[in-house]
């Protein structure tokens with residue numbers, strides 16, 4: 004499909020720069036019915052049914068943005084994919100100054116050797132165990148906020164506020180360089196209300212990569228190379244999904260990352276345990292096998308995530324809903340509001 008079909012005008016003032024406080028006070032556009040209903044995230048328990056299963060992503064964002072120097076040149080590197088023990092692929096600025104064999108001295112006493120460079124991406128070898136590297140990143144790294152969240156000098160991504168805000172309450176497994184933002188809306192109060200409603204919860208993992216923010220530069224979706232991310236759905240979660248479906252319950256994905264794990268695990272027609280990389284690119288025409296409802300934020304124009312939600316409920320309905328949300332003052336993107344969608348197969 005032509006990428007132009009997934010474009011819309013997003014006013015800059017609609018891009019959220021901070022999350023709602025408390026988190027579950029964010030707005031929720033209910034698209035699960037035929038029309039558009041303006042609600043709040045706190046209404047989620049009444050929109051779900053007893054016996055439904057909520058699947059959340061338990062990845063934890065690591066402070067993977069580093070400031071360093073190669074000689075007199077300043078270098079910023081955002082680690083985005085583990086390549087092996089102590090080795091990471093990173094988006095570097097300015098990458099053109101880097102050559103294989105160069106050393107970069109980062110904040111916190113970290114040093115890395117440039118192994119290779121292709122375009123704006125480099126492979127870095129820190130020559131240390133993963134656990135030690137993670138400890139150094141927690142001390143010296145900055146949270147890898149997406150480029151549309153602006154921070155001024157002295158108020159950057161290293162602040163305690165963003166370290167707290169850009170992390171979900173489910174975060175347990177280190178590895179993401181972007182938050183699974185639909186889960187930023189959850190609180191203990193909301194989870195208690197969902198449990199009282201009879202909604203159960205299962206956990207999946209997808210370590211979100213920086214590729215989630217890269218624009219689709221191809222003119223046609225067939226020509227876009229989807230980035231790969233590590234994902235896992237364990238046996239217990241897979242069994243809970245199968246049991247829920249058999250009992251007539253619905254599977255509710257908390258975010259596009261959870262949905263991609265579910266659909267990857269169901270690639271052979273039935274949800275099965277899965278562990279490995281997924282490069283699943285969901286576009287209109289995809290046959291959804293494991294997901295009935297989707298809780299998600301509002302996504303960038305021309306993005307793979309906008310294509311995914313268009314596949315889930317239809318492109319025209321998504322664009323109409325986004326136009327409604329812009330008119331009604333909803334907040335968009337990572338720190339913004341949410342919407343609830345029910346899969347449409349027509």
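In our numbering, the protein residues as written are 4 to 349. Glycine included, C-beta positions come from ideal geometry on N, C-alpha and C. Model, not experiment: these values are computed from the prediction.
- Rounded to whole angstroms, residue 27 and residue 11 show a C-alpha spacing of 27 Å.
- Within a 10 Å sphere around the beta-carbon of residue 66 sit 16 or more other beta-carbons, which makes this residue buried.
- Residue 97 has its alpha-carbon roughly 15 Å from the corresponding atom of residue 127.
- Distance check between residue 313 and each of 287, 279, 269 places 287 closest, using alpha-carbon atoms only.
- Rounded to whole angstroms, residue 302 and residue 237 show a C-alpha spacing of 28 Å.
- Taking the Cα positions, residue 148 is about 22 Å away from residue 90.
- In terms of Cβ geometry, residue 60 and residue 183 form a close pair [threshold 7 Å].
- With distances taken between CA atoms, residue 122 lies nearest to 103 out of 110, 284, 103.
- When Cβ pairs closer than 8 Å are counted between the two stretches, the segment 202–211 is seen to touch the segment 232–247, the count reaching three or more.
- For the 7 Å CB-CB criterion, residue 229 and residue 282 form a contact.
- The closest CA to that of residue 296, considering only 135, 263, 271, 64, is found on 263.
- Residue range 307–316 is occupied by the alpha helix (DSSP H) that includes residue 313.
- DSSP assignment within the segment 99–137 yields no whole alpha helix (DSSP H) run of 4 residues or more.
- It is roughly 23 Å from the alpha-carbon of residue 260 to the alpha-carbon of residue 145.
- Under the three-state reduction of DSSP output, residue 152 falls in the coil class, being neither helix nor strand.
- Shown here, residue 291 sits in coil according to DSSP, grouped into three states, outside any helix or strand.
- DSSP places residue 77 inside the beta strand (DSSP E), whose first and last residues are 76–87.
- Secondary structure at residue 173: coil, using DSSP grouped into helix, strand and coil.
- The residues 55, 57, 296, in chain order, have a CB closer than 6 Å to that of residue 255 in the same chain once the five nearest residues on each side in sequence are set aside.
- Beta bridge pairing from DSSP links residue 278 with 235.
- Taking the C-beta atoms as reference points, residue 111 is found no nearer than 7 Å to residue 154.
- Following the DSSP letters along the chain, one finds residue 264 inside the alpha helix (DSSP H) bounded by residues 259–268.
- A direct Cα-Cα distance of roughly 6 Å separates residue 20 from residue 338.
- Take the alpha-carbon of residue 311 and the one of residue 231: they are about 16 Å apart.
- The alpha-carbon separation between residue 134 and residue 226 amounts to approximately 38 Å.
- Looking at the backbone, the Cα of residue 44 and that of residue 209 are separated by about 23 Å.
- Residue 223 counts as exposed, since fewer than 16 other C-beta atoms from the protein chains shown sit within 10 angstroms of its C-beta.
- Counting along the chain, residue 165 sits inside the alpha helix (DSSP H) bounded by residues 163–168.
- Beyond the five residues adjoining it in sequence on each side, residue 334 comes within less than 6 Å, by CB distance, of 19, 340 in the same chain, given in chain order.
- Residue 235 counts as buried, since at least 16 other C-beta atoms from the protein chains shown sit within 10 angstroms of its C-beta.
- By the beta-carbon neighbour count (other beta carbons within 10 angstroms, threshold 16), residue 106 is exposed.
- The beta carbons of residue 292 and residue 269 sit closer together than 7 Å.
- The distance from the Cβ of residue 213 to that of residue 181 is about 6 Å, consistent with a contact at the 8 Å cut-off.
- In its chain, beyond the 5 residues on either side, 254, 256, 262, 265 have a beta carbon closer than 6 Å to the beta carbon of residue 294.
- Sorting 219, 318, 207 by C-alpha distance to the C-alpha of residue 233 places 207 at the top.
- Secondary structure of residue 44 (DSSP, three-state): helix.
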